[in-house]
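Worksheet: the structure to be examined is printed underneath.
Residue numbers (the working numbering): 4 to 108.
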């Protein structure tokens, strides 16, 4: 499966809109804290889907919608960190190089 080349751009658009809406939330330590928080929520969604612990008993059947939302949130937070340091193009280039290396193998 190939994602279109607009995926990263769309994440940038979302990050820029959120930065404009919440201008005091773009501090790097807030961005990293948000990434950690969202990673925890992603782990919880995976835990629920895999039926570990008491998640299903407490919350019912898992929904892929929640997993998808949490994956997007983690990706958005990571892109926000790239934006903070101004390395968006470099991240895209690094992803392309990695994909090319995998395709060659």
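Using N, Cα and C, we set each Cβ at its ideal position, and we do this for glycine too.
Per DSSP, residue 32 is one residue of the alpha helix (DSSP H) stretching across 31–53. With 16 or more neighbouring CB atoms inside 10 Å of its own CB, residue 34 falls in the buried class. A Cβ-Cβ contact shorter than 8 Å links residue 41 with residue 77. Rounded to whole angstroms, residue 97 and residue 69 show a C-alpha spacing of 29 Å.
Pairing residue 17 with residue 79 gives a Cβ-Cβ distance under 8 Å.
Scanning the stretch 63–100 from its first residue to its last, the whole alpha helix (DSSP H) runs of 4-plus residues come out as 67–88.
Using a Cβ distance threshold of 8 Å, residue 74 and residue 38 do not count as a contacting pair. Closest in alpha carbon position to residue 45, among 66, 25, 28, 60, is 66.
Between residue 87 and residue 20 the beta-carbon gap is near 16 Å, outside 8 Å, which marks them as no contact.
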